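Its first residue numbered 97, the sequence shown is counted upward by one per residue in our numbering.
Just so it is clear, CB atoms sit at the ideal spot from N, CA and C, and this is done for glycine as well.
Please read these numbers as outputs of a predicted model, since none were measured by experiment.
Structure, as structure tokens:
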Amino acid sequence: MSQAAPLADAHQPAIPRGRGRPRQFDMTQAMAQASALFRTRGYDRVTLQDLTSAIGINPPSFYAAFGNKALLFIRIADAYSADFLALLRSAFEEEPSLANAMETILLSTARRFAWQKDDAGQGSWGGCLILEAACNCSDAGITAHLRKARLTFAAALYRGISRTAPERVVDMTDHVMMLLAGFSAMGRDGMDAERMMRVARQALQPLCDSALRDKGSRYG
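In structure tokens:
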């Protein structure tokens, strides 16, 4: 879901590289490279060789630094999720109204999900890392982790909306989650930021104006 929070700290441990002087390993850059791979190819299609080649380290150094592919992905996905939870928190706490909060959430998400070229040189992508990586993922543990991330986001959205619109919180939460899934699919298929933002603005009016009835929650 341009990320405000860094994917990792700026610590740069020295990683052994055979004989000679140890290589300086930039953890932040390595995480960005790996994140780009997962976003462009999905979880299953990224191999250990892809990761070590992109980061520029050998397999033993990779395992020493990250554990394995699954642990690295979870670390990236957790940082990505935390960034979007921070967006929700900021919108609900700082915006003067629910309508303003919805505008911030939808427009910011549309911008992030739009098709873009990554700065790490690993290609181009669009969509949400959490939503898109879950598609056709054969790893049950990763699938469960991504589902938990989606439900955590939905629960945070539910709590934010319920502060000012408890009578329509379920429908609004469902509506926003559906919109975000649509944004992700459109970004994955190549929709640029200008078009995505236009769609997001069109979605705002019915979302904020509709008087929907609360029917009970599966998120709270």
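Problem - Backbone CA spacing between residue 127 and residue 143 [nearest angstrom] - result: 15 Å
Problem - residue 220, DSSP secondary structure in three states - result: strand
Practice task
Decide yes or no for the touch test of the segment 278 to 289 against the segment 261 to 269: beta carbon pairs closer than 8 Å, at least 3 of them.
Solution key: no
Practice task
Have a look at residue 222 and residue 121 and give me their C-alpha separation to the nearest angstrom.
Solution key: 28 Å
Handout entry: Alpha-carbon spacing of residue 272 relative to residue 229, whole angstroms
Key = 20 Å
Problem - Of the residues 245, 269 and 242, the one placed nearest residue 39, counting alpha carbons only - result: Residue 39 lies beyond the residue range present for the chain, which begins at 97 and ends at 316; the question has no answer from this structure.
Exercise for the section: Following the continuous alpha helix (DSSP H) through residue 265, name the residue where it begins and the one where it ends. Expected result: 265 to 284
Exercise for the section: Could you tell me which residues DSSP pairs with residue 212 in its beta bridges? Expected result: 221
Exercise for the section: Determine, using beta-carbon pairs with one atom in the segment 161 to 181 and one in the segment 243 to 258, whether at least three such pairs fall under 8 Å. Expected result: yes
Practice task
Express the C-alpha separation of residue 244 and residue 149 in angstroms, rounding to a whole number.
Solution key: 30 Å
Problem - Runs of alpha helix (DSSP H) lying entirely within the segment 132 to 169, each at least 4 residues, in chain order - result: 144 to 151 and 155 to 162
Handout entry: Neighbourhood of residue 241 by C-beta distance below 8 Å, restricted to the same chain and skipping five residues each side
Key = 170 and 173
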